[in-house]
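Residue numbers (the numbering used here): 18 to 156.
Glycine is no exception: its CB is placed at the ideal position from the N, C-alpha and C atoms.
Below is one structure, written out as structure tokens; comments come after it.
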């Protein structure tokens, strides 16, 4: 009886961790115009919030490139190693937050929603009702 209860609790806890952690990991991003891999972003949960950091740029990219268009603390900082997803909170199966994602190409931040669909990460940046959704794949 105790063994069965312990097993059931273990399965329940593992299922909860899997459900929460499915966005966690390393994800390949792609250029909207060319479709080529652009970077790898490591997504992690810290203190119950979601964050993402660029850990690799496409082959041949300038690893010393800085965000010249950023208007916050990231201005003049290297894109490689930059946190571009900040403080998203979980609401059911979606992570979301105001000004939650940065586009280091133009320095703009956007409200953001992130979820997993068919094993791929859907990343939506939006202002009001206008949005763009990217699909990232596991690295």
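Assumed close pair residue i, residue j - CB separation to whole angstroms, cut-off 8 Å
{"i": "residue 108", "j": "residue 116", "result": "Residue 108 to residue 116, Cβ: 16 Å. No contact."}
{"i": "residue 51", "j": "residue 59", "result": "Between residue 59 and residue 51 the Cβ distance is about 23 Å, and since that is not below 8 Å, they are no contact."}
Contact set for residue i: own chain, Cβ-Cβ below 6 Å, skip 5 residues either direction
{"i": "residue 111", "result": "130 and 132"}
{"i": "residue 57", "result": "43, 45, 72, 73 and 156"}
{"i": "residue 151", "result": "140"}
Reduced DSSP secondary structure (H/G/I, E/B, other) of residue i
{"i": "residue 52", "result": "coil"}
{"i": "residue 77", "result": "coil"}
{"i": "residue 38", "result": "Note that residue 38 scores a pLDDT of 43, beneath 50, so its modelled location is shaky; the value from the coordinates is reported in the next line. Helix at residue 38."}
{"i": "residue 150", "result": "strand"}
{"i": "residue 69", "result": "strand"}
Contacting residues, own chain, Cβ-Cβ under 8 Å from residue i (five flanking each side not counted)
{"i": "residue 88", "result": "124"}
Other residues of its chain near residue i: CB distance less than 7 Å, five sequence neighbours each side excluded
{"i": "residue 39", "result": "133"}
Span of the beta strand (DSSP E), counted from its first residue to its last, around residue i
{"i": "residue 146", "result": "Run containing residue 146: none; DSSP gives neither H nor E here."}
Closer than 7 Å: residue i CB and nearest the ligand NAD heavy atom
{"i": "residue 139", "result": "This structure lacks the ligand NAD, and indeed carries no ligand of any kind."}
Every unbroken beta strand (DSSP E) inside the stretch 96-133 [3 residues or more]: Those beta strand (DSSP E) runs which fall completely within the stretch 96-133 and span 3+ residues are 100-108 and 111-120.
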